[in-house]
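Comments concern the structure below.
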Amino acid sequence: GESVGLHLPTLSVQEGDNSIINCAYSNSASDYFIWYKQESGKGPQFIIDIRSNMDKRQGQRVTVLLNKTVKHLSLQIAATQPGDSAVYFCAEKPQGGSEKLVFGKGTKLTVNP
Amino acid sequence: NAGVTQTPKFRILKIGQSMTLQCAQDMNHNYMYWYRQDPGMGLKLIYYSVGAGITDKGEVPNGYNVSRSTTEDFPLRLELAAPSQTSVYFCASSSLSNQPQHFGDGTRLSIL
């Protein structure tokens, strides 16, 4: 069935290090993937998205990698800063018809000064 | 632009009471969504709308109703509040289904 999960529920890194947050998805028909950042008491904030016809997309300090062979999505944050501390969610959208985004449970990233 | 605005931010209800959670967006987005987020969990879709006058059920619609009379507004109605509906409710909007959804800051609802 449809499910989006995360390998690690928490991740702790040192300021300035690179962070990698992983996500596994089960629906091979999903054609759109998105990463959100959620700070305490706020709504999810869009970070970056990627479509299934791509395997890599870069933004400002962030890169999303999509491996369709093993149904794996990752978010890389370069030079992690204390302001990056938050819960990160991946979400997938199955192809065709449904408007539903399937969200994972989230990974809590803590950046230590 | 204000983006997606949700009111109220907090509410406590008694079992059996009813209330409407308000959501408004000023981005002229056709698509609007309601999610609930339980502690330590991801978001689950309650209802969505692809345009004014059109609504459809999501993953967890039981106990809720919605309407979409205008492009801007998408209220969520709880008719008979139950403790299981204690959650944080997020409204979101997007221009197209394969575009990022923009979220409000949520309504924290407790039912006692």
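Note that the protein sequences, when read in sequence, are chains A and B.
In this text, residue positions in the first sequence follow the numbering used here: the first is 1125, and each later residue adds one.
In this text, residue positions in the second sequence follow the numbering used here: the first is 113, and each later residue adds one.
We treat Cβ as the ideally placed atom computed from N, Cα and C, and that holds for glycine.
It should be emphasised that the depicted structure is a prediction, and the values quoted were computed from it without experimental measurement.
- Within chain B, no C-beta atom comes nearer than 9 Å to that of G1207 of chain A; the closest sits roughly 18 Å away.
- Listed in chain order, the non-local C-beta contacts of P1206 of chain A below 8 Å within the same chain comprise E1139, V1235 and P1237, local neighbours out to five positions each way being set aside.
- At least one CB of chain B lies nearer than 8 Å to the CB of F1170 of chain A.
- Listed along chain A, the residues sitting closer than 8 Å to P212 of chain B by beta-carbon distance are I1158, F1170 and D1173.
- Closest option to K126 of chain B, judged by alpha-carbon separation, among B:V178, B:P120 and B:L192: B:L192.
- The beta-carbon distance between S206 of chain B and L221 of chain B, rounded to whole angstroms, is 24 Å. This is too long to meet the 8 Å contact definition.
- Here the alpha carbon of Y1212 of chain A sits roughly 17 Å from the alpha carbon of G216 of chain B.
- Per DSSP, M153 of chain B has no beta-bridge partner at all.
- Secondary structure note for F202 of chain B: its beta strand (DSSP E) is the uninterrupted segment S199 to S206.
- E1216 of chain A: member of the beta strand (DSSP E) spanning A1210 to P1218, first to last residue.
- Looking only at A:D1155, A:N1142 and A:I1201, the smallest Cα-Cα distance to S1176 of chain A is reached by A:D1155.
- The beta carbon of K1180 of chain A sits no closer than 8 Å to any beta carbon of chain B.
- With a cut-off of 8 Å on Cβ pairs, the stretch 1189-1204 of chain A is not in contact with the stretch 176-184 of chain B, counting fewer than three such pairs.
- Scanning chain B for C-beta atoms nearer than 8 Å to the C-beta of G1228 of chain A yields G154, reported in chain order.
- Excluding residues up to 5 positions away in sequence, S222 lie with their Cβ nearer than 6 Å to the Cβ of I124 of chain B in the same chain.
- Under the three-state reduction of DSSP output, G1207 of chain A falls in the helix class.
- Judged by their CB atoms, V116 of chain B and A194 of chain B are not nearer to each other than the 8 Å cut-off.
- Inter-residue distance for Y1149 of chain A and T1187 of chain A is about 18 Å (C-alpha atoms, whole angstroms).
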